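Residue numbers (the numbering used here): 557 to 779. No residue lacks a Cβ here, since even glycine has one placed at the ideal position from N, Cα and C. Fair warning: this is a prediction, and the values are worked out from it, not measured in the lab.
Below, the structure written as structure tokens:
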């Protein structure tokens, strides 16, 4: 007479059935995590490769071709040449850009730069020129001429202390007064990444220009 197999407890079947069903679910979770990690890595790589960056501005030249000073006021034509480089792979569409000029603690003139587009990795030169109306300038910068001091003779045996002091004073007087003009170039625009995502960018460059109040010569500028 055949012996019947011993009955297994119901708990065993429940555990076996539950373990058999969780195996595909665990595989799906692992696959989903892998896809999420791959998508995140791809998005990070695309962001590093196509991340939007602000344009780079460099001022190359500043001139005042027309200059007039009279009765404590000055008026001039301001010209500035700057290069704007687009560091992005995508084109940069710039708009609402401007150049502003300030002197004596206040803005004296400004102009808007026409909208345009700079291709990816390219540089565009912006030449701006506008007239600044007459404005008051207080202090020595308002003078239109500089008086030349008298010549001081120095003995062959060497200058005495009082002559040395006179020479120092003469050198200080020979230095013409300087009028400082500030310029602010602002470039605003947008970059469309992968032709889908639009990001707004903005860059600004401030320059301080030293101008001779006698004839409007640009003595130097720093940005």
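For residue j and residue i, believed in contact at Cβ under 8 Å, the rounded distance
i	j	result
residue 762	residue 738	7 Å
residue 757	residue 746	7 Å
residue 669	residue 648	So it is not a contact: roughly 13 Å between Cβ atoms.
residue 783	residue 629	Here the chain has residues from 557 to 779 only, and residue 783 is not among them.
residue 665	residue 646	That pair is no contact at about 34 Å.
Residue i Cβ short of 7 Å to the ligand COA heavy atom set
i	result
residue 621	As for the ligand COA, it is missing from this structure, which has no ligand bound.
CB of residue i within 8 Å of CB of residue j, strictly
i	j	result
residue 685	residue 633	yes
residue 612	residue 641	yes
residue 639	residue 614	yes
residue 688	residue 770	no
residue 660	residue 694	yes
residue 741	residue 760	yes
residue 753	residue 765	no
residue 637	residue 681	yes
Residue environment, residue i, which counts as buried when at least 16 other CB atoms sit within 10 Å
i	result
residue 644	buried
residue 662	exposed
residue 582	exposed
residue 607	exposed
residue 587	exposed
residue 710	Since pLDDT at residue 710 reaches only 40, below the 50 mark, its modelled position is unreliable, and no value is offered.
residue 703	Reliability of the predicted coordinates at residue 703 is poor, the pLDDT of 36 falling under 50, and the value obtained from them is presented with this limitation in mind. Looking at its Cβ environment, which holds fewer than 16 other Cβ atoms inside 10 Å, residue 703 is exposed.
residue 625	buried
residue 713	In this predicted model, residue 713 has a pLDDT of only 45, less than 50, meaning its place in the structure is not dependable; the value taken from the coordinates is given anyway. Looking at its Cβ environment, which holds fewer than 16 other Cβ atoms inside 10 Å, residue 713 is exposed.
residue 744	buried
residue 591	exposed
Contiguous beta strand (DSSP E) assignments of at least 3 residues, all confined to the region 734-764: 735-749
Segment contact, 8 Å Cβ cut-off, at least three pairs: the region 651-668 with the region 610-624: no
Enumerated in chain order, which unbroken segments of the beta strand (DSSP E) with a length of 3 residues or greater are wholly contained in the region 594-674? 612-619, 623-626, 629-641, 648-659, 662-669 and 672-674
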